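Accompanying notes for the structure given below.
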Amino acid sequence: MKSFTVKGINTIINGSLVGETDQIIDGLEHLEKAQENQITFIGSVKYSRLWPKSKAKVAIVNENLKLEPGEGRVLIKVKNADLAMAKLLEEFKPNAPHFDQDIHPTAVIHDSVKIGKACKIGANSYIGKDVVLEDGVIIYPNVSIFDETTIGKDTVIWSGAVIRERTVIGAQCIFHNNVSIGADGFGYRPSDDGGGLVKIPHIGNVVIGNGVEIGANSCVDRAKFSSTIIGDGCKIDNQVQIGHNSVMGRSCIMAGHSGLAGSVTLGDGVIIGGSASIKDHTTIHSGVTVGAGSGVMGDIEAGKTVLGYPACDARDMLKQWVALRKLAKQ
Numbered sequence: 007m008k009s010f011t012v013k014g015i016n017t018i019i020n021g022s023l024v025g026e027t028d029q030i031i032d033g034l035e036h037l038e039k040a041q042e043n044q045i046t047f048i049g050s051v052k053y054s055r056l057w058p059k060s061k062a063k064v065a066i067v068n069e070n071l072k073l074e075p076g077e078g079r080v081l082i083k084v085k086n087a088d089l090a091m092a093k094l095l096e097e098f099k100p101n102a103p104h105f106d107q108d109i110h111p112t113a114v115i116h117d118s119v120k121i122g123k124a125c126k127i128g129a130n131s132y133i134g135k136d137v138v139l140e141d142g143v144i145i146y147p148n149v150s151i152f153d154e155t156t157i158g159k160d161t162v163i164w165s166g167a168v169i170r171e172r173t174v175i176g177a178q179c180i181f182h183n184n185v186s187i188g189a190d191g192f193g194y195r196p197s198d199d200g201g202g203l204v205k206i207p208h209i210g211n212v213v214i215g216n217g218v219e220i221g222a223n224s225c226v227d228r229a230k231f232s233s234t235i236i237g238d239g240c241k242i243d244n245q246v247q248i249g250h251n252s253v254m255g256r257s258c259i260m261a262g263h264s265g266l267a268g269s270v271t272l273g274d275g276v277i278i279g280g281s282a283s284i285k286d287h288t289t290i291h292s293g294v295t296v297g298a299g300s301g302v303m304g305d306i307e308a309g310k311t312v313l314g315y316p317a318c319d320a321r322d323m324l325k326q327w328v329a330l331r332k333l334a335k336q
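Following my numbering from start to finish, the sequence shown increments by one per residue and tops out at 336.
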């Protein structure tokens, strides 16, 4: 178990110490649950009232909060408690699962596969024809990677993920359990004789940039032609659907249960809240925030915050909700 002095923690997060304690810290915990040996965090005035009753001896707090440490307790004041917490969590992070062998003998790897230095491939994984794994790629057990896929340096793929043929993946990505990359897009048309539906073939691929993280059970469909594109630094939550031919810019965020229909375009830094849905052939420009549960039916200009179903300017939607409440009381 790792442990740190308060001064040692402050060296990591570069804060300002207020108060004194000789308590050794060997864990992190929420303010309400923290014990004396655990450090906690206070990022807003909402939680400040809980500090006097907390058993924690040390808290990392936003520097704009007016708090006193109390006897035998310490506050470490920082500009952003959430970012400081992220640094500290890295220090306490447990080791990744151990590989007894870099390449497990039960893995099925085609003779044409190119494997870089320090790669690891877990039990029962399948690596298809002409796949390229650059240096440091980690593939956990029971992963399938199909033909002509390229995976960049230090990318980590967790168990159950399926990477379909011709996918291009950048460096330092993380794909969590049961991610599906490159399955057919959802496309059908009524047949000429009216007797059923005709499947539209999808012959494109998926291109994923550097530093992308995709949560468990999320799906990115390949393009009808050309590519479905996920830009550098995008972060995608669990159970998210990204439809064929969609294009995401850099550093976009999609929360759980949200979805893009086919041919949606996101600019840079777009944030999509949980369970929000975006209509096909829609463009959401850079810096837009889409509120949770919203339904976007048309293009949104840069920097807007939208809310509701159908989504509109958040301020207008809030006014509508207030007006409805007033009507209900009449």
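From the three backbone atoms N, C-alpha and C, an ideal C-beta is built for every residue, glycine too. Note that the structure is a prediction, hence the values are computed from the model and not measured.
Next item on the list: Return helix, strand or coil for residue 251, following the three-state DSSP convention.
Entry: Three-state result, residue 251: coil.
Check: Touching or not, the segment 38-55 and the segment 106-116, by the rule of three or more beta carbon pairs under 8 angstroms?
Finding: Contact fails: fewer than three Cβ-Cβ distances are below 8 angstroms.
Note to self: Could you tell me the alpha carbon to alpha carbon distance between residue 190 and residue 34, rounded to whole angstroms?
What the structure shows: Rounded to the nearest angstrom, the gap between the Cα atoms of residue 190 and residue 34 is 43 angstroms.
Margin query: Suppose the cutoff is 6 angstroms on Cβ atoms and the five residues either side in sequence are ignored; what does the same chain contact list for residue 255 look like?
Written below: Beyond the five residues adjoining it in sequence on each side, residue 255 comes within less than 6 angstroms, by CB distance, of 237, 272, 273, 274 in the same chain, given in chain order.
Checklist line | DSSP beta-bridge partners of residue 241 | finding: As DSSP reads the structure, residue 241 sits in a beta bridge with 219, 259.
Margin query: What does DSSP give as the partner residue(s) for residue 189 in the beta ladder?
Written below: As DSSP reads the structure, residue 189 sits in a beta bridge with 227.
Notebook entry, point to check: Are the C-beta atoms of residue 330 and some chain B residue less than 8 angstroms apart?
Noted result: Included in the structure is just one protein chain, with no chain B present.
Notebook entry, point to check: Per DSSP, residue 33 forms a beta bridge with which residues?
Noted result: Paired residues: 44.
Notebook entry, point to check: Just how far apart, CA to CA, sit residue 332 and residue 322?
Noted result: Answer to the nearest angstrom: the Cα atoms are 16 angstroms apart.
Check: Is residue 295 buried or exposed, if buried means 16 or more other CB atoms sit within 10 Å of its CB?
Finding: Classified as buried, residue 295 has 16 or more neighbouring CB atoms from the shown chains inside 10 Å of its CB.
Check: Taking buried to mean at least 16 other C-beta atoms within 10 Å of its own C-beta, is residue 208 buried or exposed?
Finding: Sixteen is the threshold: when 16 or more other Cβ atoms of the shown chains lie within 10 Å of the Cβ of residue 208, as they do, the residue is buried.
Notebook entry, point to check: Between which two residues does the beta strand (DSSP E) containing residue 137 stretch?
Noted result: Looking at the DSSP string, residue 137 is not in any beta strand (DSSP E), and its letter there is neither H nor E.
Margin query: Buried or exposed for residue 112, going by 16 or more other Cβ atoms inside 10 Å?
Written below: Result: exposed.
Item checked: Minimum C-alpha distance to residue 138 - residue among 130, 129, 125 -> The candidate whose alpha carbon is nearest that of residue 138 is 125.
Notebook entry, point to check: Relative to the C-alpha of residue 130, which residue among 146, 76, 121 is closest?
Noted result: Nearest to residue 130 by alpha-carbon distance, out of 146, 76, 121, is 146.
Note to self: Starting from residue 330, trace the alpha helix (DSSP H) in both directions and tell me its first and last residue.
What the structure shows: Judged by DSSP secondary structure, residue 330 falls within the alpha helix (DSSP H) whose first and last residues are 320-335.
Checklist line | Beta-carbon gap between residue 87 and residue 67 smaller than 8 angstroms | finding: Yes, these two residues count as a Cβ contact at 8 angstroms.
Notebook entry, point to check: Relative to the alpha-carbon of residue 172, which residue among 8, 187, 265 has its alpha-carbon at the smallest distance?
Noted result: Nearest option by C-alpha distance: 187.
Margin query: Quick check for students: name the residue ranges of the beta strand (DSSP E) that lie wholly in the segment 260-326, counting only runs of 3 or more.
Written below: Scanning the segment 260-326 for uninterrupted beta strand (DSSP E) segments of 3 residues or longer gives 311-313, listed from N- to C-terminal end.
Margin query: Is it buried or exposed, residue 211, if we count other Cβ atoms within 10 angstroms and call 16 or more buried?
Written below: Around the Cβ of residue 211, a 10 Å sphere holds 16 or more other Cβ atoms; the residue is buried.
Notebook entry, point to check: In its own chain, which residues sit with a C-beta less than 8 angstroms from the C-beta of residue 128, not counting the 5 before and 5 after it?
Noted result: Here residue 128 has 105, 110, 113, 145, 146, 147, 148, 149, 165 as same chain residues with Cβ atoms under 8 angstroms from its own Cβ, once five neighbours each way along the sequence are excluded.
Notebook entry, point to check: Per DSSP, residue 211 is paired with what?
Noted result: Residue 211 has 233 as its beta-bridge partners, per DSSP.
Next item on the list: Might you give, ordered along the chain, the residues of its own chain that have their beta carbon closer than 6 angstroms to the beta carbon of residue 290, omitting 5 neighbours on each side?
Entry: Cβ neighbours of residue 290 beyond the five flanking positions: 272, 276, 306.
Margin query: Going by beta-carbon coordinates alone, are residue 251 and residue 262 separated by less than 8 angstroms?
Written below: Not in contact: residue 251 and residue 262 (Cβ atoms no closer than 8 angstroms).
Next item on the list: Output the boundary residues of the alpha helix (DSSP H) element that contains residue 16.
Entry: For residue 16, the enclosing alpha helix (DSSP H) starts and ends at 12-19.
Check: So, helix, strand or coil for residue 149, using DSSP?
Finding: In the three-state reduction of the DSSP assignment, residue 149 falls in the coil class.
Note to self: In whole angstroms, give me the CA-to-CA distance for residue 283 and residue 232.
What the structure shows: Distance between residue 283 and residue 232, taken at the CA atoms: about 23 angstroms.
Next item on the list: Look up residue 161 in the DSSP assignment and give the residues it is bridged to.
Entry: According to DSSP, which records beta bridges pairwise, residue 161 is partnered with nothing at all.
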